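Asker: Protein sequence lines correspond, in order, to chains A and B. Take the first sequence: its position 58, counting from 1, is numbered 58 in the working numbering, and each next residue is one higher. Converting from the second sequence to the working numbering requires adding 1000 to each position, the first position being numbered 1. Note that CB positions come from ideal geometry on N, CA and C, so glycine has one too. Quick caveat, the model's predicted, so the values are computed rather than measured.
Protein chains: 2
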Amino acid sequence: MQTIDLCQERRELILEELRRNGKVVAAELSARYSVSEDTIRRDLSELAAAKLLKRVHGGALPLTPSRGPYYERDKQHLEVKPGLSLAASRLVKDGQLILFGGGTMNAEIARNLPLDLRATAVTTSPLIALYLLEYTHVEVVMVGGHMNRRELVTCGAEATEKIRGFQADICFLGVCGVHPEVGITSTLYEEVELVRALIEQSGEVIATLTADKLGAIAPFFVASADNITHIVTEKSVPEEQLAPYRTLGIQIVRAE
Amino acid sequence: MQTIDLCQERRELILEELRRNGKVVAAELSARYSVSEDTIRRDLSELAAAKLLKRVHGGALPLTPSRGPYYERDKQHLEVKPGLSLAASRLVKDGQLILFGGGTMNAEIARNLPLDLRATAVTTSPLIALYLLEYTHVEVVMVGGHMNRRELVTCGAEATEKIRGFQADICFLGVCGVHPEVGITSTLYEEVELVRALIEQSGEVIATLTADKLGAIAPFFVASADNITHIVTEKSVPEEQLAPYRTLGIQIVRAE
DNA sequence: CACTATAATGCAAAATACCGCAAAAACACG
DNA sequence: CGTGTTTTTGCGGTATTTTGCATTATAGTG
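Set out below in structure tokens:
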């Protein structure tokens, strides 16, 4: 049992427990912090009012407790993805060593490769690995490590190090934004080093981008844009938006 | 296992199971959450009123009958697998470090764990990794390496070495046959060393076996049968067939 | 049609929530 | 240091929710 004299501190601890355990029970909190259940109830009401948790009978639950599987989660860009992924998949040639980054776009590419492709493919995503195993003549190497639940990839130093052991012909970046001046950016800090490794270990570097990712800037800087050799994007993107990328020497593939 | 004391929490878990399995059965839910069927019925009624599921006699179904793209490579033993995997999954406890071998049976176990399980899980199978990532409170470690297409697992020296870096509480063997005298055998030579590592690095060693694998002998010898601590098998298996395993000190769990 | 499993309904007990109020503590300020 | 104010807390009383049980009704099955 702990002594808590600051009501705010207690609320922080409640939130912390909620994050850790996925739920909090009013009666347990009352006992743990040696305060009446009324006090706990008030705490929970306040936190609920601040939209930090969801109040339920007997305790509280996180705001977003349940999500479907990752590969069903991403329903965005359903119209353009097939076209983009098909165009991107055509950049692969027999005999190449291919590196796959994470993300739903790359998963889409991985399931749209030529059926008779002969190649070796390396990936950090178990979903992509499963898709790749469908190709009889593709050797699949899965890069292990601790898995990131959000992006469905292994990341961290171990994975990065493994990637650096390959000298690949081509890689498909899972990027969150590419801006001509700011460069390649990511929303996942743990992934930054891994993406850098992909870029450095690969001859061709492919970024397959829906229109909204062209010029977008995510929180974490990865590398300058001229590290990319090919951008695959939608046909609808106006030429003037693409010009700065061409200037950087990036080949543009307009899908569909 | 965590007790469910919040009504809303139970309802969310029901919805989660519904998304995952495509159906829920009132009687099973009642047993799982240790509440009366009346309570479950009320839960289902509420959720149905909120248009979150479709109420049917004996349980409930999703509103959209389309199921997710879960891999179902192995259509064998479809009747007994749910029972076996459920019985096997009950051997897992909160806080454990779990090693998963390959095989469809283990995949089935991985997708039938308690939804609120807190544990760390290590696997060589990308399919199992995907299933495991569905559990919010399970840390997933994917063991990388060259992938075996047939068994859908990474194997080889690299994977074996990684496995030896863990000291696990429990492991689920993906075995092809267990004979009381011949021992544990496998049909995949590359997997032999890896299975040995699983056994040696783990306290409890679980073999989940359909009736036809009990007493079966595959080409490659892995280890003697007494390395197994628990065999989970079908209820229909006669006691005299199990006796030799009991003599070896193996605990038998008869499912269903 | 009979038999079983599941559902619906009403009810009572227990747990939990809500409301108002007052004591206690913390705080601001002259 | 004293005083007034605000915040936090606990308590009593009442309302609401949740749950299990008993009873009656209904659906599924052969």
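Apart from the five residues just before and just after A:E256, which ones in its own chain have a Cβ nearer than 6 Å to its Cβ?
Answerer: G83 and K235
Asker: Kindly list the residues whose CB is nearer than 8 Å to the CB of A:S66, restricted to its own chain and excluding five residues on each side of it in sequence; keep chain order.
Answerer: Note on A:S66: pLDDT 49, under 50, position unreliable in the model; the coordinate value appears next. Here the set comprises nothing.
Asker: Could you work out which residue in B:H1137, B:R1111, B:P1114 and B:N1021 is closest to B:T1120 when comparing CA atoms only?
Answerer: Nearest to B:T1120 by alpha-carbon distance, out of B:H1137, B:R1111, B:P1114 and B:N1021, is B:H1137.
Asker: Quick one: residues in its chain with C-beta nearer than 7 Å to the C-beta of B:L1198, no 5 flanking neighbours on either side, listed in chain order?
Answerer: L1099, G1101, I1163, C1171 and L1173
Asker: Using a Cβ cut-off of 8 Å (strictly closer), state whether A:V25 contacts chain B.
Answerer: yes
Asker: Give a yes or no on whether 8 Å exceeds the smallest Cβ distance from A:H57 to chain B.
Answerer: yes
Asker: Within 10 angstroms of the Cβ of B:T1208, are there 16 or more other Cβ atoms? Answer buried if so, exposed if not.
Answerer: buried
Asker: Along chain B, in chain order, which residues have C-beta atoms closer than 7 Å to that of A:L133?
Answerer: M1147, R1149 and L1152
Asker: Under the three-state reduction of DSSP, which class applies to A:R246: helix, strand or coil?
Answerer: helix
Asker: Should the region 220–240 of chain A be regarded as contacting the region 184–192 of chain A, the criterion being three or more beta carbon pairs within less than 8 Å?
Answerer: yes
Asker: I need the DSSP call for B:G1177, collapsed to helix, strand or coil.
Answerer: The answer is strand: DSSP assigns B:G1177 an E or B state.
Asker: Would B:A1027 and B:R1041 qualify as a contact pair, given that the criterion is a beta-carbon distance under 8 Å?
Answerer: no
Asker: Can you give me, in chain order, the residues of the region 151–172 of chain A that have a beta carbon less than 7 Å from any beta carbon in chain B?
Answerer: L152, T154 and K162
Asker: Across which residues does DSSP place B:S1186 in a beta bridge pair?
Answerer: B:F1220
Asker: Are A:V140 and A:L132 closer than 8 Å when you measure CB to CB?
Answerer: yes
Asker: Any beta carbon of chain B sitting closer than 8 Å to that of A:M142?
Answerer: yes
Asker: Rounding to the nearest angstrom, what Cα-Cα distance links A:Y245 and A:T160 in this structure?
Answerer: 27 Å
Asker: Using three-state DSSP, classify B:Q1251 as helix, strand or coil.
Answerer: strand
Asker: At the level of alpha carbons, what is the spacing between A:V232 and A:A88?
Answerer: 6 Å
Asker: In terms of residue numbering, what span does the beta strand (DSSP E) encompassing B:A1060 cover?
Answerer: G1059 to L1061
Asker: For chain A, find out if any of its Cβ atoms is closer than 8 Å to the Cβ of B:H1077; answer yes or no.
Answerer: no
Asker: Would you say A:P244 reaches chain B, if we count a Cβ-Cβ gap shorter than 8 Å as a contact?
Answerer: no
Asker: Between the alpha carbons of B:V1222 and A:A107, how many angstroms are there, rounded?
Answerer: Straight-line Cα distance between these residues: approximately 36 Å.
Asker: Going by beta carbon distance, what residues of the same chain come within less than 6 Å of B:Q1251, once the five residues before and after it are set aside?
Answerer: H1230
Asker: Would the region 122–132 of chain A count as touching the region 1006–1016 of chain B if we require 3 or more Cβ pairs under 8 Å?
Answerer: In short, these stretches do not touch, since the Cβ pair count stays below three.
Asker: Taking 8 Å as the cut-off, decide whether the C-beta atoms of A:A211 and A:V237 are in contact.
Answerer: yes
Asker: How about A:G274 and B:G1144: are their beta carbons less than 8 Å apart?
Answerer: In this structure chain A extends from 1 to 256, so residue 274 of chain A is not present and cannot be described.
Asker: Quick check: what's the CA-CA separation for B:Q1008 versus A:G165?
Answerer: 49 Å
Asker: Mind checking which residues open and close the alpha helix (DSSP H) that includes B:T1104?
Answerer: T1104 to A1110
Asker: Beta-carbon of A:A129 versus every beta-carbon of chain B: anything under 8 Å?
Answerer: At least one chain B Cβ lies under 8 Å of A:A129.
Asker: Closer than 8 Å, CB to CB, is B:Q1201 near chain A or not?
Answerer: no
Asker: Does any CB atom of chain A fall closer than 8 Å to the CB of B:D1005?
Answerer: Contact with chain A is found for B:D1005, since one of that chain's Cβ atoms lies less than 8 Å from the residue's Cβ.
Asker: Let me confirm a value: B:Q1241 is counted as buried when at least 16 other C-beta atoms fall within 10 Å, else exposed. Which label applies?
Answerer: exposed
Asker: Exposed or buried, A:L6, counting other C-beta atoms within 10 Å across all chains shown (16 or more means buried)?
Answerer: exposed
Asker: Is it true that the CB of B:S1045 sits closer than 8 Å to the CB of B:R1032?
Answerer: no
Asker: Count the other CB atoms within 10 Å of the CB of B:E1134; is the residue buried (16 or more) or exposed (fewer)?
Answerer: buried
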